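Structure record follows, encoded as structure tokens.
Numbering (UniProt numbering), first residue to last: 1 to 342.
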């Protein structure tokens, strides 16, 4: 039997063979008003240019022929959840720093009835070369830093070098996993406004730096630097890069004392190696508000700020977000073109 989309009446009849009602048994009949929907939603992409550099961010804005229950961008096993805002849908996505050259994006949408749509949109992938760096680990560094981790994570206690290797591998992985969980949900509207602020100081390390660690001339580990380091005076004040909500404040693995701010729509900022905090958890902060002070907690050799930006829990290049021109051309111009900003 073919069913047509639209309003319908669903009936349910139940009866037994008892002797009640002169041998006719018990009988119950119910009717429900329902809507039959077998048509997938139509999704129209409203933004044209999506040029995303490796490790970088982009946004796509689209509308649908009916309300979407689930939607976003999927790519090679990654999924970036979308948001509804002012009657339209948008999704921030990235080209992961370790993504393959054939990275492929698709918009997906599912309506309340479970009908799904999937389609492509124009994008351009821009490759980026990341710097290689050598970090020399000394006995003085090990003696100064490893006891801090023993205090927080007693299971890591042991010989100095063994502890460092565990911190740089096992604890680094656990830190990343914890950050992904913290950033799993985000405020459903942009809390940030305009340009993003950068703490004053000298940049001493870049996003995507491929580090090799040496101890007494021998390689003992590798890592990728997932943010930028900024050095200033000791215990320098750290401003919030933009408006948002403090969703984490505490000790966070390799980042030591850290703060994570939710800026809405899946965008987060992370501040690591702090000496102290000056904000409260779950409180809103304003752009430029002092949230803490730099330090050397966690896996840090000296006083500085580790600053990261994340989309849906995935690290992205913060240099883009700190560039007013990039924010204007890649984000704000699209908001204005689609009527999300006036």
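The C-beta atom is built at its ideal place from N, Cα and C for all residues, glycine as well.
Note that the structure is a prediction, hence the values are computed from the model and not measured.
Touching or not, the stretch 299–314 and the stretch 223–240, by the rule of three or more beta carbon pairs under 8 Å?
yes
Strand pairing of residue 363, partner residues [DSSP]
What the structure shows of the chain is the stretch from 1 to 342, and residue 363 is not part of that stretch, so it cannot be assessed.
In whole angstroms, give me the CA-to-CA distance for residue 163 and residue 212.
17 Å
In three-state DSSP terms, what is residue 253?
helix
Cβ-based burial, residue 242 [other Cβ within 10 Å; buried from 16]
buried
Return the residue from the list 93, 189 and 137 that minimises the CA-CA distance to residue 84.
189
In the structure shown, what three-state DSSP assignment does residue 216 receive?
coil
Excluding the 5 residues preceding and the 5 following residue 290 in the sequence, name in chain order all residues of the same chain whose CB lies nearer than 7 Å to its CB.
237, 238, 239 and 278
Below 8 Å on the Cβ atoms is my guess for residue 270 versus residue 310; work out the distance and round it to an integer in Å.
7 Å
Give the straight-line distance between the Cα atoms of residue 295 and residue 301, rounded to the nearest whole angstrom.
10 Å
Do you know how far the Cα of residue 220 is from the Cα of residue 265?
39 Å
According to DSSP, simplified to helix, strand and coil, what is residue 237?
strand
How is residue 172 classed by DSSP in three states: helix, strand or coil?
helix
Please state if the CB of residue 274 and the CB of residue 260 are separated by a distance shorter than 8 Å.
no
According to DSSP, what are the bridge partners of residue 71?
109
Spatial distance of residue 316 from residue 286 (CA atoms):
22 Å
Run through DSSP, which three-state label would residue 315 get?
strand
Whole-angstrom Cβ separation of residue 112 and residue 67, contact assumed at under 8 Å?
7 Å
Under 7 Å Cβ to Cβ from residue 223, same chain only, skipping five residues before and after it: list those, please.
168, 172 and 211
Closest to residue 413 by C-alpha separation, out of 318, 48 and 207, would be which residue?
Past the edges of the chain, shown from 1 to 342, lies residue 413, and the structure says nothing about it.
Can you tell me the Cα-Cα spacing of residue 321 and residue 198, whole angstroms?
10 Å
Using a Cβ-Cβ cutoff of less than 7 Å, which residues in the same chain neighbour residue 334 once the five nearest sequence positions on both sides are dropped?
47, 59 and 61
Looking at the structure shown, is residue 309 part of a helix, part of a strand, or coil, going by DSSP?
strand
Do residue 90 and residue 65 have their C-beta atoms within less than 8 Å of each other?
no
Among 138, 158, 71 and 92, which residue has its Cα nearest to the Cα of residue 119?
71
Residue 143: buried (16+ other C-beta within 10 angstroms of its C-beta) or exposed?
exposed
In the DSSP assignment, find the unbroken beta strand (DSSP E) run with residue 44 in it and report its ends.
43–45
Going by beta-carbon coordinates alone, are residue 184 and residue 313 separated by less than 8 Å?
yes
Residue 58 - partner residues in DSSP beta bridges:
93
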